[in-house]
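Heads up: the structure comes next, in structure tokens.
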Amino acid sequence: MARETTCLLLAVFYFHCISTAHTSHELQKKYISDPKAICNDKSRATFYIGPRSSKKWVVFFEGGGFCASFEDCNNRYLNTNSTVLMTSNILPDKVTGRDLLSASKSENPTFSEHVHVLIPYCSSDLWLGSKTNSKEPFHFVNDSSVDNFSFRGQTIFRSVFLDLLQRYNLSNAEEIVLSGSSAGGIGVLNHADWVLNHVVKSRGFKNTKMFSVVDSGWFINFQGTLHAKVSPGFTSFANVTSPACMDISRGYTCCPSASCMIARGYYPSSVPLLLVSSMYDLFLLRDVVRKLENEGKTATDKSADYVSVVSMYGGAVNESFTLSEKQGSNVSVFIPACFQHIYFATSSLWDENGVFPPSSEYALGTGKFSHIIQSGTWESIQILKGGNSTSIKDFITAWFQSRASPIRSIDSCIGAQCNPTCPGQLLFIDPGDVWGRTVESTILGLCLVVTVFSVGLKTIFVLHYYCLRKKQKCFLSKGERSIVQRELPPCRPNETISVTCLSLSYSVDVSKKKTEKGDRPMVEATREELTKNNHVPKARDDEKYLTVVELEEDASSDSECSGYEKSVHPRSLQADTGLGFDNTLEEVTTDVKDRSTFVANGKDGGEEVGKRFSNIKQSGVAHTSAYLEKISTAVEGHSFW
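Letter by letter, the sequence shown follows residues -23 to -1, 1 to 618 of mature numbering (1 follows the signal peptide of the UniProt record, and there is no 0).
Laid out in structure tokens, this is it:
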């Protein structure tokens, strides 16, 4: 029994270890208990916390810019890349820690065993605001005159620590590392004194040690850019009450400037501070470069000015760190000559499938600036010094192991991006090359359109020609009549002429034909000749008769119709056909079918023929195609003229 119990306990312990190992990187989402700790859209502010098995804590505040006007905030909210920075509704229930918040010993040797706390940024106020919008509930109106948002960054920052103290045993902490990136770094610089006094000292934590790590939070007022970006109007807009933000003794608001915060004593000198920042940080440099766009210079001049202003900016940043060394003896810095803004991607929120935008690119005239925020950058970025390369991760480890003794590592190479390990890029584009490529692309596009059109047209002609050849072949092999019968609707035999020979006109002329002397055409015949040819009996030798049926056809009519062009003379008919004519064609047809002789002997027969053709003419029906049909049927098979 005891043996079975031991095996069961070992199995439970084994599965517990596997479960712990699997979930050790995961941070669970929690809502801040203070109802006033809300995001811009009044959604409840949140934080993520990992397993709590240590008395050492790392509390990290995310960054993400800010907005200082109704229009600016509306655009920020409408932008799909920045909406997540104004609400907690999009955030997942759990995330995986990275870099400073990683639970992996190899990835994060210094803080892997600390309790990890991540606070997403959703107030757009540098963690300094204390304004609540009175509208209930939140309803966004895209109007620059409408006040849509709340700004409660300061409340969120402080409420997190109150929750950690009351609900998550922060009161037992022996070590607190306060850290943040960009706007989160500004929040750390401005709230470090409050944390020291209200979290550590006021609760009698005599043995608790506090440190600060700020990533990309060093901003200088180069050419007035900081003053323009964080103007005094921002403090009233977000209801910022921080004394540092009210201080404009240097000509700009002090709270976003680390050098001002240190020099003016707003940051507690007793708390060791490590600053990681680029010498050519894009956050302010892009505003400096953008000013060149409005100066009306040529593209070549602008390109030269870009190089010049970037170089001057880097020099000013380097000088500001030199001054800070004199002003604050407890400050350590790591400054690579890069454009990168934000080196710490502390969670899976920055992953490719995460909710934060992992990269940004700024195209300014002929210049293009870009950088990528991704986990592992703090390992890949290195500064070469004395033959040794030091990464940000190694630098933090050395700083922390020395118990935060001030150390410095600043790139000594000359020029922006001179450090080969820098992740970002600066590209200068020759306008001539751009124009040349544009013209070339336009010409190629037009050529492609013309080619496609020509090929299409040629294809249509080929197909049409093929169809014509096919029809021609079919016509030649089957004949015209079969094609007509197939392609036209069927019709009765007595309607065929009217369908296929619409342009025909007909007339019947019965008259005596006078002949000139010496002219004996075949249309004139005597009774003797008729007798010789056995056409009619001899009678009345001096009489001649002529009966003519004229059929006229338009030149465009087809060959089938032309077959009916005939002239009829009674002498040319066979003697045994005996045709008797009455007043109508129906009777003519009947006579042709029923009678056995065509012309009576002598004069009587000829007169009868003349009378009957005359009656046809007088009846006015000789111009009707139906009569022609019946005449043609009646005389079919007989020889004329």
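All residues carry an ideal CB built from backbone N, CA and C; glycine is no exception. The structure presented is a predicted model; accordingly, all values stated were derived computationally and were not measured.
When beta bridges are read from the DSSP output, PHE43 appears opposite ASP102.
Contact between PRO313 and SER255 holds, since their C-beta atoms are separated by about 6 Å, short of 8 Å. Cα atoms of GLU329 and ILE437: separation of roughly 49 Å, rounded to the nearest angstrom. Pairing CYS232 with ARG414, the inter-Cα distance amounts to about 47 Å. Between the alpha carbons of ALA215 and THR202 lies a gap of roughly 20 Å. The residue from SER357, GLN5, THR428, SER100 with its alpha-carbon nearest to that of SER59 is SER100. Just so you know, the alpha carbons of LEU300 and SER386 end up roughly 15 Å apart. Sequence-distant partners of HIS2 (beyond 5 residues in either direction) whose C-beta falls short of 6 Å from its own C-beta, in its chain, are THR73, GLY74, ALA80. At a Cβ-Cβ threshold of 9 Å, VAL253 and TRP355 count as neighbours.
About 18 Å separates the beta carbon of ILE373 from that of ASN396, a gap too long to meet the 8 Å contact definition. DSSP, read as helix, strand or coil, puts PHE333 in coil. In the three-state reduction of the DSSP assignment, SER20 falls in the coil class. Contact between the stretch 27 to 40 and the stretch 139 to 151 is present, with at least three C-beta pairs closer than 8 Å. Three or more pairs of CB atoms, one per stretch, sit closer than 8 Å, so the stretch 97 to 114 contacts the stretch 12 to 19. Spanning the alpha carbons of PHE24 and HIS93 requires a straight line of approximately 10 Å. A straight line joining the alpha-carbon of THR218 with that of GLY130 spans about 12 Å.
In the DSSP secondary-structure assignment, GLU3 is bridged to THR73.
DSSP, read as helix, strand or coil, puts LEU423 in helix.
Taken through DSSP and simplified to helix, strand or coil, ASN174 comes out as helix. Only residues of its own chain outside the window of five on either side were considered, and among them VAL253, PHE311, TYR320, TRP355, ILE358 have a CB closer than 7 Å to the CB of ILE369, listed in chain order.
DSSP places HIS93 in the uninterrupted beta strand (DSSP E) bounded by 92 to 96. Look at ILE437 here: in three-state DSSP terms it is helix. According to DSSP, residue pairing for GLN359 in a beta bridge involves SER368. In summary, SER285 is exposed, with fewer than 16 beta-carbon neighbours lying within 10 Å of its beta-carbon over all protein chains present. Within the stretch 234 to 262, the runs of alpha helix (DSSP H) at least 4 residues long that lie entirely inside it are, in chain order, 235 to 240.
Its chain contains TYR98, GLY157, SER158, SER159, ALA160, GLY161, GLY162, ILE319 as the residues whose beta carbon lies nearer than 7 Å to that of GLY40, once the 5 sequence neighbours on both sides are disregarded; these appear in chain order. Here the alpha carbons of TYR145 and TYR290 stand approximately 44 Å from one another. Around the CB of TYR257, 16 or more other CB atoms lie within 10 Å, so the residue is classed as buried. Rounded to the nearest angstrom, the gap between the Cα atoms of SER189 and GLY27 is 20 Å. When the five nearest sequence neighbours on each side are left out, the beta carbons in the same chain lying within less than 8 Å of the beta carbon of SER89 are those of SER79, ALA80, SER81, LYS82, in order along the chain.
Per DSSP, the unbroken alpha helix (DSSP H) holding ARG144 starts and ends at 130 to 144.
Only residues of its own chain outside the window of five on either side were considered, and among them LYS362 have a CB closer than 8 Å to the CB of SER389, listed in chain order. Runs of the alpha helix (DSSP H) lying entirely within the stretch 153 to 200, each at least 4 residues long, are 160 to 172 in chain order. Taking every protein chain shown into account, the CB of GLN394 has 16 or more other CB atoms within 10 angstroms, so this residue is buried. Between the beta-carbon of SER122 and that of PHE47 there is about 7 Å, and that keeps the pair under the 8 Å contact cut.
For VAL416, the secondary structure class from DSSP, reduced to helix, strand or coil, is helix.
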